[in-house]
Amino acid sequence: MKIKKPLLLTLILCVALVGSVFTQEKDKLIYATESGLGIQLSGEVEMEFIDVEGQGGFSHQDLTYQKVKTRSPHMRIDKAVFATKIIYNENLSYEIQFRYDDDDAYVDKHFATLKIPKINTVFEIGKNRPLVHMKRRTEGYPLIGTAFWKGREYHVTSNTAFALTENIKLIGGLSFAMKRPLASDDAAEDKSFKMLVYGDYQTKDGQTFEYGAVGGFEAYGLYGMGWYYSSKLIDDFDWKTQLSQTLAQYDLLGDRTDLTHWWYGGRVGFDRWNIRARAEYIESLDGLLPRDGYYAECSYRINVSSFLPIKNIEPLFRFGALTVRDHPELLGETATWDREMTTLALLTRINDNLTLKFEYYLLNEVTGAEPPDDSVKDNQFLTQISFGF
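Its first residue numbered 16, the sequence shown is counted upward by one per residue in this note's numbering.
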C-alpha cells in the first residue's frame, strides 16, 4: 500500500510525541520534548452538504467545455487540517499544516514567525496567504478574496504595529514573494464556471518576484488599510497559456506579450459590541486584462445560551462583484465573466470547537454571449459542520 508523504510525515510526528510531557493551555495541547521545545497541536475537520441550482445527470452536462462537475446534491469532506506549531521560545516559532480531503493529502502551509518586540515587528517566512488576507467566517470567500488573496505564496513579510495611544495604533508591512501563477478557481463551492484567480504557488520556468507594501490603522474597533503589489507576469506561462491561449480573443486587445502585473486595494471595517462589518475594493491589471471588484458584509453575534443549548448565532449578509473593465464583450470565457454574488449565512456555534454553517449563495453572471445565455444556473446552498481542536 502506497502511503502519501504528508500522511507519512504526520504519522511519524505522532509517534515521536508518544511519551512526551504535555499540558493543556488555553484549550491547546502543548507538548514538551526532551530538547525543551514546545509543540502545539491543532486541527479542523469540515464536512458539508451542497445543493446547486440546475438539473443533474449526464444529459445536462456540457461535455465540450466541462463547465459542470456535479449538479446533483452531494456530501463531502471539504478538508481535514492537522497543524503542528513548534515553539522555540516566546518570539520564535514554526508552523506546518497538513491538509487532507477525499482525493489528496499535502502540505498546505508552513512558515516561521519571528517577533522582535523592541521594534513591534513580526516577520514571517514560508508558504502562507498574502499579508493582506482576511480570515473568513463563512465557508465561501468573497469573489475578490478568491480572485486575489486566497492563493498561497512563498514570501517574506514584515508586520509592524506602532501604538499612538492605548486604543489607537498605526500598522504597516512589507512583502517580498514568489509571484503566484494565474489560475482558475470556483466562485463558491460548486465546481462549475471557474474564474481567473491568483492561484497557489507552483514552480514555473520564467518565475518572477512580487513586491508589496501595506499601511493602515486601528482605533476603537475601527480599522482601515491599503496596499499595493507589483511584479511581472510569469514568462511565458501567464501571458501565453493562461491569457492568450485560454481567452479566445485576448490577442485582439494589443500586444499579447505585455507582462504588466499589479494590484492594489483597500479595506475598512468595524469589530466591536458583537458587530462585525467590513468593505473592500481591489483593482488589478494582468497583461492586457484590467479587473476590479468589491464587497461589503455585516454580521451580528447573538448570545442565545440562556435559552438554547448553543453558544451563539451570527447572521451574516454579504454582497460583492468582480468585473472585467473596458472590454468584457471580447472575452466570453467563464474565467472573465462579470460576476455578482450575494451571500446569506447563519453561523451557529455550538461551543468553542463545534460550528454549524448554513449558507446560500446567489450568483449572477454576465456571460457576454449574444443572445444572453440563460442556461447558467448555479445558486448554491451549503450546510457544513466544522469541528476544531
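Idealized CB from N, CA, C, for every residue including glycine. Computed from a predicted model, the values in this text were never measured in an experiment.
Following the continuous beta strand (DSSP E) through residue i, name the residue where it begins and the one where it ends.
| i | result |
| --- | --- |
| Q395 | 395-403 |
| R144 | No beta strand (DSSP E) contains R144, which DSSP labels as neither H nor E. |
| Q112 | 107-115 |
| D220 | Premise fails: D220 is in no beta strand (DSSP E) and is neither H nor E. |
| H89 | 89-104 |
| G281 | 275-287 |
| F252 | First-last for F252: undefined, no H or E at that position. |
| V319 | That residue, V319, is in no beta strand (DSSP E); it is neither H nor E in DSSP. |
| D353 | 353-364 |
| K372 | 369-381 |
| L262 | Per DSSP, L262 belongs to no beta strand (DSSP E) and is neither H nor E. |
| E168 | 168-178 |
| K184 | 183-193 |
| D123 | 120-131 |
| L58 | Reading off the sequence, residue 58 comes out as Gly, not Leu. Residues 53-67. |
| I297 | 290-301 |
| F334 | 327-339 |
Just to confirm, is the Cβ distance from residue i to residue j under 8 Å?
| i | j | result |
| --- | --- | --- |
| G231 | G241 | yes |
| M356 | A198 | no |
| F402 | L369 | yes |
| D215 | R151 | no |
| T338 | D307 | yes |
| V381 | D341 | no |
| K142 | F126 | yes |
| F404 | G187 | no |
| S173 | L189 | yes |
Out of curiosity, what's the CA-to-CA distance linking residue i and residue j?
| i | j | result |
| --- | --- | --- |
| M62 | F285 | 30 Å |
| Y5 | E233 | Coverage of the chain is limited to positions 16 through 404, which leaves residue 5 absent and any answer about it impossible. |
| L360 | E298 | Here residue 360 is Ala; the residue named in the question, Leu, does not match the sequence. When rounded, the distance between both Cα atoms is 27 Å. |
| F396 | T161 | 18 Å |
| G281 | G239 | 7 Å |
| L258 | A47 | 51 Å |
| W277 | I102 | 36 Å |
| V147 | R91 | 30 Å |
| N394 | N135 | 45 Å |
| L158 | K372 | 19 Å |
| R293 | G51 | 42 Å |
| T349 | G53 | 48 Å |
| G69 | R86 | 6 Å |
| A336 | Y309 | 6 Å |
| G155 | V67 | 14 Å |
| Y376 | T175 | 36 Å |
| Q399 | D270 | 46 Å |
| H89 | I65 | 6 Å |
| T153 | E374 | 8 Å |
| Y315 | Y279 | 29 Å |
| K124 | R291 | 27 Å |
| D201 | N366 | 30 Å |
| V319 | R364 | 10 Å |
| L107 | K130 | 6 Å |
| T358 | T351 | 21 Å |
| K255 | V283 | 36 Å |
| T272 | L304 | 12 Å |
| Y265 | K94 | 36 Å |
| Y296 | F177 | 25 Å |
| G122 | N327 | Reading the sequence as shown, one finds Val at residue 122 and not Gly. Distance between the alpha carbons of V122 and N327 is about 33 Å. |
| K165 | Y115 | 18 Å |
Given that a residue counts as buried once 16 or more other Cβ atoms are within 10 Å of its Cβ, and exposed if not, what is residue i?
| i | result |
| --- | --- |
| K194 | buried |
| W288 | exposed |
| V391 | buried |
| G236 | exposed |
| L323 | exposed |
| F208 | buried |
| E312 | buried |
| L378 | buried |
| K120 | The question names Lys, but residue 120 in the sequence shown is Ala. With 16 or more other Cβ atoms within 10 Å, it is buried. |
| P132 | exposed |
| E329 | buried |
| D301 | buried |
| E105 | exposed |
| L179 | exposed |
Report back the beta-carbon spacing between residue i and residue j to the nearest angstrom; my notes put them in contact at under 8 Å.
| i | j | result |
| --- | --- | --- |
| Q112 | V137 | Actually they are not in contact, since the Cβ atoms of Q112 and V137 sit about 18 Å apart, beyond 8 Å. |
| A192 | F163 | Contact doesn't hold; Cβ gap of about 13 Å is too wide. |
| G227 | Y244 | 4 Å |
| K247 | L268 | Contact flag wrong, Cβ pair sits at about 18 Å. |
| P196 | D117 | Not confirmed; about 25 Å, so no contact. |
| K219 | I249 | 5 Å |
Can you check whether the C-beta of residue i is within less than 8 Å of a C-beta belonging to chain D?
| i | result |
| --- | --- |
| Y156 | No chain D appears in the structure shown, which is made up of a single protein chain. |
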